[in-house]
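Count along the sequence shown starting at 1, add 63, and that's the number in our numbering.
Note that beta-carbon positions come from the ideal geometry of N, C-alpha and C, so glycine has one too.
A quick note: this is a predicted structure, and the numbers were derived from the prediction, not measured.
Note sheet for the following structure.
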Amino acid sequence: MNTYLIYIAPGIGDFIVSVPLIQSIKEQDPTAVIDIFTCSNKRRIGLNKKMVELQGDVRHCYYYTKDEPFHSLMFLLKAGYHSYDYGIVLEHANSKYMSSWPSKIIKFCCKMTIGGRNPYLNITYKKVINRPDRYSIYDLENDILQELGMKQSVNHREYYILDKYPSNCAIITKHPTIVFCIGSGHVANEKKYDSFALSLKSWPTQNWIDLGNLLVKRHYEVIFIGGTMEEGMIRPYLNKLDTRIKNFIGKHSIKESLQVVREADLVVGVDTGLIHGAAIQGTPTLTLFGCTDYIVEHPFGAHSYIINYSIECSPCLGYDHSYTCTNNKCMQGISVDLVLDSILQIFER
């Protein structure tokens, strides 16, 4: 029985994009025991643990944080010195803003360490993957499998399971249905001038309203979905929403939200966790990219379409200017008409 400890960043999407690697390891090493850890806190880790519980292939979900030193020490003691056979750091991209702590933790806890080379940081692994700057997360996962002596099988499947015991009761009953994922967490190195400000990855909320209103006039079922942040985004615009649009924002659990994007005919959104959740489960997606790199973060599968409005300073993830940007022209430059035309073309295919 081999044991694995995998570092995954703390977002919903970060766990979702790790699932092909996790399931590929379990398929090729059926007795494998997999634990994950992330940089989080007591308040946020509950959502990560819920997603781990739904997915079903991970034994434990740990976290560490400088704000809870005693907890972090207890995590290391529980994990143990060289108690795991393999340690993996699943970092999406090269950046000087990435922490070196995940590599130090797996060096302490694991006999064999695997990770991608980051030219900005002095991080060493026993098996180093020399990745280019623009390198798909799923290519990295395949290279990790190769370093484990396994087949590069991440892209061999059309979809992966995010909920081991899905509900038999459908939430979406009318088709064709288009789901909008309008919100997104802040990128790792984005300065939060206002903790309630929209992420640089966000598309103007008024655009989502206009797009939804146009689509229901064309007899598509339109659903808005999201959590607390999206509630703040949509509240000032509720009186502008066509009454035929369904507003699911703040009304569903993560399990139900994953079911909604699984049942949809198309999911449209920015680079956010739920759109990756849709793509991983085999639902066609249309993702709007700006400050994040569509080559690195491209959602899974053959039916994942993108719109990328390229300007001189984008993508800025991992670069200093994402600290100073307060005007995300890379997202504002994507017109409602362009997104509408792209949606109609997808349904014509």
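Can you give me the start and stop residues for the alpha helix (DSSP H) that residue i sits inside?
{"i": "E326", "result": "317-326"}
{"i": "V279", "result": "268-280"}
{"i": "I69", "result": "Unbroken run through I69 is the beta strand (DSSP E), 66-71; no alpha helix (DSSP H)."}
{"i": "L208", "result": "200-210"}
{"i": "F133", "result": "132-142"}
{"i": "H339", "result": "336-343"}
{"i": "V399", "result": "399-411"}
{"i": "K159", "result": "Element bounds for K159: n/a, residue is neither H nor E."}
{"i": "V359", "result": "357-360"}
{"i": "T291", "result": "291-297"}
{"i": "Q395", "result": "392-395"}
Taking buried to mean at least 16 other C-beta atoms within 10 Å of its own C-beta, is residue i buried or exposed?
{"i": "E375", "result": "exposed"}
{"i": "G396", "result": "exposed"}
{"i": "A365", "result": "exposed"}
{"i": "K174", "result": "exposed"}
{"i": "S258", "result": "Because the pLDDT of S258 is 44, which lies under 50, any placement of that residue in the model is unreliable, and the question is left without a value."}
{"i": "C172", "result": "buried"}
{"i": "H339", "result": "buried"}
{"i": "R325", "result": "buried"}
{"i": "M161", "result": "buried"}
{"i": "M296", "result": "buried"}
{"i": "P347", "result": "buried"}
{"i": "N193", "result": "exposed"}
{"i": "Y223", "result": "buried"}
{"i": "G109", "result": "exposed"}
In whole angstroms, what is the alpha-carbon distance linking residue i and residue j?
{"i": "L117", "j": "E221", "result": "20 Å"}
{"i": "M292", "j": "H145", "result": "40 Å"}
{"i": "G178", "j": "Y67", "result": "13 Å"}
{"i": "S262", "j": "H219", "result": "33 Å"}
{"i": "L153", "j": "K280", "result": "43 Å"}
{"i": "R298", "j": "G313", "result": "11 Å"}
{"i": "C379", "j": "N231", "result": "42 Å"}
{"i": "Y127", "j": "G290", "result": "25 Å"}
{"i": "D356", "j": "S135", "result": "32 Å"}
{"i": "Y283", "j": "N302", "result": "20 Å"}
{"i": "Y256", "j": "D383", "result": "Low local confidence applies: a pLDDT of 48 at Y256 is under 50, so the model's placement there is unreliable, and no value is given."}
{"i": "Q209", "j": "K190", "result": "11 Å"}
{"i": "N252", "j": "S385", "result": "Note that N252 scores 49 on pLDDT, short of 50, meaning its location in the model is unreliable; the coordinates nonetheless yield the value given after this. Straight-line Cα distance between these residues: approximately 7 Å."}
{"i": "S199", "j": "G74", "result": "18 Å"}
{"i": "P93", "j": "A142", "result": "21 Å"}
{"i": "R197", "j": "L203", "result": "11 Å"}
{"i": "K392", "j": "L225", "result": "34 Å"}
{"i": "S247", "j": "K89", "result": "30 Å"}
{"i": "F138", "j": "Y125", "result": "7 Å"}
{"i": "A341", "j": "G332", "result": "10 Å"}
{"i": "D148", "j": "G336", "result": "30 Å"}
If I follow the unbroken beta strand (DSSP E) through residue i, where does it start and stop?
{"i": "K174", "result": "173-179"}
{"i": "Y149", "result": "147-153"}
Measuring CA to CA, which of the options is closest to residue i?
{"i": "D334", "options": "N181, G313, V82, P362", "result": "P362"}
{"i": "G275", "options": "Y368, I192, I406, Q86", "result": "I406"}
{"i": "P267", "options": "F138, M394, T346, H282", "result": "M394"}
{"i": "N65", "options": "V191, G212, K113", "result": "G212"}
{"i": "K113", "options": "L140, N231, F78", "result": "F78"}
{"i": "R180", "options": "S163, I168, C172", "result": "S163"}
{"i": "I426", "options": "Q408, I272, Y160", "result": "The shown model of the chain, from 64 to 412, leaves out residue 426, and the question about it has no answer."}
{"i": "S398", "options": "G353, S367, F410", "result": "G353"}
{"i": "L84", "options": "D206, H134, C379, L301", "result": "D206"}
{"i": "V330", "options": "C102, F243, I308", "result": "F243"}
{"i": "I245", "options": "A233, Y382, D273", "result": "D273"}
{"i": "V359", "options": "S316, K264, Y201", "result": "Y201"}
{"i": "F410", "options": "H238, L208, Q344, N157", "result": "H238"}
{"i": "S216", "options": "L401, K392, R412, S87", "result": "S87"}
{"i": "S377", "options": "P165, D404, K264", "result": "K264"}
{"i": "Y368", "options": "V402, T387, N391", "result": "V402"}
{"i": "P229", "options": "P195, V323, L304, T350", "result": "V323"}
{"i": "T101", "options": "P165, Y149, G119", "result": "P165"}
{"i": "P182", "options": "S158, A327, I235, V82", "result": "S158"}
{"i": "I169", "options": "A95, I71, N310, W271", "result": "I71"}
{"i": "V115", "options": "H315, A95, S81, D130", "result": "S81"}
{"i": "H155", "options": "G76, I97, P132, Q91", "result": "G76"}
{"i": "T236", "options": "K318, L278, N270, D328", "result": "D328"}
{"i": "D404", "options": "L277, Y300, I288", "result": "L277"}
{"i": "Q91", "options": "D120, R106, N111, S103", "result": "D120"}
{"i": "N105", "options": "L321, N270, I288, D130", "result": "Correcting the residue type first, residue 105 is Lys in the shown sequence and not Asn. For the residues L321, N270, I288, D130, the minimum Cα distance to K105 belongs to D130."}
Per the DSSP calculation, residue i is bridged to which residue(s)?
{"i": "V82", "result": "Bridge partners of V82: none, in fact."}
{"i": "Y368", "result": "L349"}
{"i": "Y125", "result": "F100"}
{"i": "E284", "result": "T240"}
{"i": "L329", "result": "I241"}
{"i": "K190", "result": "I177"}
{"i": "K112", "result": "Paired residues: none, contrary to the question."}
{"i": "K309", "result": "I286"}
Between residue i and the ligand ATP, is there a pair consisting of the residue's CB and a ligand heavy atom that are separated by less than 7 Å?
{"i": "Y183", "result": "In the structure shown, the ligand ATP is absent, as is every other ligand, since no ligand is present at all."}
Would you say residue i lies against chain C (beta-carbon separation less than 8 Å)?
{"i": "V115", "result": "The displayed structure is made up of one protein chain only, and chain C is not part of it."}
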